[in-house]
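Residue numbers (the working numbering): 5 to 620.
Below you can see the structure in the form of structure tokens.
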């Protein structure tokens, strides 16, 4: 019987490996940028078209490769980073597996130009789907230029599963920012569809963070530094007042490698204990230097998770360092929040001796004599008229005596209240509404009662109002007396520029003063001035994570995001009139039974169900 086990061809094995290595265009960006950093480049350019689906090009001025290395780098398990298994425990480079270029070449059209300083001509290689098309010489500057075109051209299923350009570009920007922040001494550039998104010159760490996130990032940062035998910690944290609802600007770097760690994140959050609003999370940019032999980075394909030898010690050091910085730079408030600094006792008073106060009595004091003399003096000087003379001022001002007829009863036309749109089974009867646990609203109906989730019901009401306003382009807007000036990152500002027509239809009035500065002069009637930054922040986050398919328009996404941000939250106490307004408005909606996110808004409990409960 012939054997059933056989070796896979190299191109098939590379395509299978690509499913693990190359998940999306951002994965290609990460691998190529890290290779450029390992090549000791000082200037790296990233050029992207159509969010990486059409073109990803990385150009660096590193050491380059010779002819043999240029051809060999596309083979499986070909790497310059390690030689022996022991090298895995002392890694100073980014990559080490030797699978990235082979996997990328298996699912895309790859073009490579590379030249070393000692060579006169560069090597030019073209590969299409693991197949070598050509190899010749070319004229090129020192360094390496990788061009990855038509990603997943031979795997249509993978290409169809890619998200929208906005989502994929967000992932690319995230990878670009992580590599750029890990190496502030290298100049980075990012171009998308022939437009410049980032131009980051070589600088120090603080300037690199400010250049990436722009705006008022500099005033938000609080430096952190701690040096121990276990770890050297440096970086920046943000002040508590600039904390955001979503997890955005949070970065951990271990030996110049970006990582994700919920354990270390909890250490930072515990240091902010008592300083943050509910649901807010601070930003941080923390760099840890540890001995390479104390960590293991070969536990996850994306190399974003690291196993530490002593996590508990790192947790304690990180928490103490962050807490120390918050106190050292007077970010943490005093214990007494209502303390008046003017009432504090000066320090030099501690050296003074207490003196017994002396009690002196004026034996010649006579209050009556002073009163008489003062009265006489005032009377002589002013010649005050008598009280009777003042009555002449009111002569002729007595009210005339008229007989007034009794007041005529005035009747006013009452506003006719349209009945709620209940069907026969849920027709509302006159009665009182009740709120339970500040979460549910109970309203009696003929067949029993209706229990309404107040948050989901309000989301449905706001969603249909926003959607109707954006559809007919007649949404109401309230003008702000003092326009708001908000700062966003360049990527967030681009999203708002794209959403500006829809936001104007929803009631927002936006003006872009600079690349990262926005002025808001008008907001929808349901949005308060204090809620505007949070609403826009959550809107940007929703747009970045949402996938606008065929059934979801831009207006639909905005209406959902605004309704979720503005809706009354669980735990809010409502007056009876507010409860009735929610009940009537909910059943006046087109789809009152579900929220915008597909969850039920109310349940009906009939009298029969109650009778069954009591019949037991």
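Idealized CB from N, CA, C, for every residue including glycine.
Residue 604 and residue 212 have their C-alpha atoms spaced approximately 47 Å apart. When only Cα atoms are considered, residue 120 and residue 147 end up about 6 Å apart.
The C-beta distance from residue 239 to residue 291 rounds to 5 Å, short enough to fall under 8 Å.
The DSSP assignment places 458-476 and 494-510 as complete runs of the alpha helix (DSSP H) inside the region 433-518, in order along the chain (cut-off: 4 residues).
Excluding its 5 nearest sequence neighbours in each direction, residue 35 has C-beta neighbours in its own chain below 6 Å: 104, listed in chain order.
In this structure the region 65-81 touches the region 144-158; the number of beta carbon pairs closer than 8 Å is three or more. Taken through DSSP and simplified to helix, strand or coil, residue 356 comes out as coil.
Residue 115 sits in a strand when the DSSP states are folded into three classes. Given a length threshold of 4 residues, each whole run of the alpha helix (DSSP H) inside the region 211-291 is given here in chain order: 221-224 and 266-275. Take the alpha-carbon of residue 535 and the one of residue 481: they are about 15 Å apart.
Counted as a single uninterrupted DSSP element, the stretch harbouring residue 155 is not any alpha helix (DSSP H), since DSSP gives it neither H nor E.
DSSP links residue 140 through a beta bridge to 128. Boundaries of the beta strand (DSSP E) around residue 196: 191-196. Closest option to residue 333, judged by alpha-carbon separation, among 599, 116, 244 and 75: 244. The distance from the Cβ of residue 259 to that of residue 205 is about 24 Å, inconsistent with a contact at the 8 Å cut-off. Residue 45 and residue 190 have their C-alpha atoms roughly 7 Å apart. Note on residue 457: 16 or more other CB atoms within 10 angstroms of its CB, so buried under the neighbour-count rule. In this structure, residue 25 and residue 134 do not form a Cβ contact; the two beta carbons are roughly 14 Å apart against a cut-off of 8 Å. Residue environment: residue 501 is assigned as exposed (fewer than 16 neighbouring CB atoms within 10 Å of its CB, all protein chains considered).
Of all alpha-carbon atoms in 558, 518, 562 and 521, the one lying nearest the alpha-carbon of residue 539 is that of 562. Counting along the chain, no alpha helix (DSSP H) covers residue 47; the unbroken beta strand (DSSP E) around it starts and ends at 47-53. From the listed residues 81, 62 and 558, the smallest Cα separation to residue 510 is found for 558.
Note on geometry: alpha-carbon atoms of residue 476 and residue 506 lie some 11 Å from one another. At the C-beta level, residue 564 and residue 600 come within 7 Å of one another. The criterion of a C-beta distance shorter than 7 Å is satisfied by residue 268 and residue 322. In terms of Cβ geometry, residue 317 and residue 263 do not form a close pair [threshold 7 Å]. Straight-line measurement puts the Cα of residue 227 at about 35 Å from the Cα of residue 566.
Assignment of residue 199 by DSSP, reduced to helix, strand and coil, places it in the strand class. Straight-line spacing of the CA atoms in residue 123 and residue 141 works out to 11 Å. Bridge partners of residue 60 according to DSSP: 52 and 152. Excluding residues up to 5 positions away in sequence, 520 lie with their Cβ nearer than 6 Å to the Cβ of residue 492 in the same chain. Segment contact: the region 49-57 against the region 7-14, fewer than three CB-CB distances shorter than 8 Å; contact not assigned. The residue from 281, 54, 242 and 265 with its alpha-carbon nearest to that of residue 249 is 281. Of the residues assessed, residue 362 falls on the exposed side of the cut-off, its CB having fewer than 16 other CB atoms within 10 angstroms. For residue 34, the enclosing alpha helix (DSSP H) begins and ends at 29-42. Less than 7 Å divides the Cβ of residue 488 from the Cβ of residue 524.
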